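Since the structure comes first, as structure tokens, the remarks are kept for the end.
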Amino acid sequence: MEIDAIDKLVFHVIEQVAADNCNLDKVIEFVVSFSNEHLLSHDILLKLSFIFDNDRMYREKYVISRACASLFSGKVREDALMEAGKTAFLLGFEDLATREFEDLLEEKPENIEALCVYGTVLARKGKLNAARIQYEKALELHPFHVDTLCNYGCLLYRLKRMDEAKEAYQRALILDPAHVSTHCRYGILLSKRGQKIEANYQYIRALELDPDHVESNFRYARFLEEKGEPLEAERHYIAALKADPEDPKPHLFYARLLANHGFIHGARVHFRYALKLNPEDVEAHCEYARLLARFGHRHEAEVQYKKALELDPGHFGTLRGYGDLLKEKGQYAEAEEIYRQAESLSGVPGNKLI
1 MEIDAIDKLV FHVIEQVAAD NCNLDKVIEF VVSFSNEHLL SHDILLKLSF
51 IFDNDRMYRE KYVISRACAS LFSGKVREDA LMEAGKTAFL LGFEDLATRE
101 FEDLLEEKPE NIEALCVYGT VLARKGKLNA ARIQYEKALE LHPFHVDTLC
151 NYGCLLYRLK RMDEAKEAYQ RALILDPAHV STHCRYGILL SKRGQKIEAN
201 YQYIRALELD PDHVESNFRY ARFLEEKGEP LEAERHYIAA LKADPEDPKP
251 HLFYARLLAN HGFIHGARVH FRYALKLNPE DVEAHCEYAR LLARFGHRHE
301 AEVQYKKALE LDPGHFGTLR GYGDLLKEKG QYAEAEEIYR QAESLSGVPG
351 NKLI
């Protein structure tokens, strides 16, 4: 029976995706082979993809979507590649996302959404000129595509082309005054330019439209913190964390806020969670170590400094902090060696010994 085959497929995909060192391409190959053997239609696979999406089982959704793209052609393949690409990007699998969008754009070079999202993938990878090309292609085909205008504005901001970024944001908001991401990003630009009143309006407008918008809550919290309003900032950090507890950025910045105001236990909780979500964040290890050292937790501080130096042996702040910790512990020879390493970096721009 078909239902038995579907159950078997779902069980195998969930089991394999959960395995350590899972090779997603091998799971995709299994789904393709199994679907051919049991004559599963694209409707069934798309429904499975939708179910996985609703349950936030994004790795499973990616596998099913990519398999569907491999099995079928035409509009089904186009839609499946789009879903696979967006899901891979959501998961942080930027190389896989690149593969899906390149496959899609090779067959459908005029797909506006694919050009827009692929531009964002490239920008995330630091390929800013390649991202610009994708956005500009999309805007040549559809000058009024709001998501592309917003993302293009973000790219121009990163390129320090502020006037052009402002123009892109304003065009997007004329076309769609309720576009939350554009209000948020425009707020960031205005804040950077020192236009605090205008920036405040953009953040408030974004949050009126979507009170749970993670980036708007996070950015507005940082804005309020800089204005010296820590209690209001805390409220928006908490809103961002409730909306997406798996985003490490709000955890890290909320930890800093709590640490700066003496709430050490809460700061430790959020530093630990941020590092659980992003264990390769050298700066977070260093900051957490400084906090621990400041309140006498020297052994734990040393563990964090060592983790930071494993990730980046030349991290200046960590070397200075670790040297200070060793000196406090009376390990003067070891401290001197660490200071010597930091001294060798003191000529690097941004690194100062005092």
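Going by the UniProt record's numbering, the first residue of the sequence shown is number 1, and it counts up by one from there.
Idealized CB from N, CA, C, for every residue including glycine.
Here the structure is a predicted model, which is why all the values come from computation and not from measurement.
| Asked | Found |
| --- | --- |
| Alpha carbon of D25 to alpha carbon of D103, nearest angstrom | 15 Å |
| Neighbour-count burial assignment, residue 416, 16 or more Cβ in a 10 Å radius | With the chain represented from 1 up to 354, any question about residue 416 goes unanswered, as that position is not in the structure. |
| CB-CB length for G323 against A335, believed under 8 Å | 5 Å |
| Nonlocal neighbours in the same chain, by C-beta distance under 8 Å from L311, ignoring five residues either side | E280, V282 and H285 |
| contact_flag[the segment 2-13, the segment 79-86] where n(CB pairs < 8 Å) is 3 or more | no |
| F223 beta carbon less than 9 Å from that of G194 | no |
| 4-residue-minimum alpha helix (DSSP H) runs that sit fully inside the segment 56-102, ordered along the chain | 58-71 and 74-90 |
| Three-state secondary structure assigned by DSSP to A19 | coil |
| Coarse secondary structure for S41, derived from DSSP in three states | coil |
| Nonlocal neighbours in the same chain, by C-beta distance under 6 Å from I270, ignoring five residues either side | Position check: residue 270 holds His in this sequence, whereas Ile was assumed. Closer than 6 Å at the Cβ level, and outside the excluded window around H270, lie H251, Y254 and A255. |
| Element boundaries [alpha helix (DSSP H), containing N260] | P248 to N260 |
| Same chain, Cβ closer than 6 Å to A5, five either side skipped, listed in chain order | H38 |
| Spatial distance of L258 from A69 (CA atoms) | 47 Å |
| Three-state secondary structure assigned by DSSP to R161 | coil |
| Test item: CB-CB of Y62 and T87 under 9 Å | yes |
| Span separating the alpha-carbon of D147 from that of C116 | 7 Å |
| N-terminal and C-terminal residue of the alpha helix (DSSP H) that A289 is part of | V282 to R294 |
| Inter-residue Cα distance where the pair is D7 and R56 | 19 Å |
| Spatial distance of N351 from A267 (CA atoms) | Below a pLDDT of 50, predicted positions are generally treated as unreliable, and N351, at 41, falls in that range; no measurement from the model is reported. |
| Alpha-carbon spacing of E15 relative to C22, whole angstroms | 10 Å |
| Inter-residue Cα distance where the pair is K127 and A114 | 17 Å |
| Cβ separation of L277 and E246, assumed to be a contact under 8 Å, to the nearest whole Å | 6 Å |
| Pair within 9 Å by beta-carbon distance, A172 and L190 | no |
| Straight-line Cα distance separating Y169 from L156 | 10 Å |
| Three-way DSSP call (helix, strand, coil) for A274 in this model | helix |
| For G314, the nearest candidate out of R294, G330 and A342 (CA to CA) | A342 |
| Simplified DSSP assignment, three categories, for K47 | helix |
| Sub-9 Å separation of L345 and L319 beta-carbons | yes |
| C-beta atoms of H183 and R158 nearer than 9 Å | no |
| Continuous alpha helix (DSSP H) stretch holding G194: start and end | Note, G194: premise wrong, no alpha helix (DSSP H); not H, not E. |
| Cβ neighbours of Y58 in the same chain (closer than 8 Å, five flanking residues each side left out) | F52, T87, L90 and L91 |
| Residues near L44 in its chain [Cβ-Cβ closer than 7 Å; skip 5 each side] | Correcting the residue identity first, residue 44 is Ile in this sequence and not Leu. Cβ within range, chain order: I6. |
| DSSP three-state assignment for H145, whether helix, strand or coil | coil |
| Buried or exposed (CB count within 10 angstroms, at least 16 for buried), F144 | exposed |
| Whole-number beta carbon distance between Y305 and G321, since they are thought to touch under 8 Å | 6 Å |
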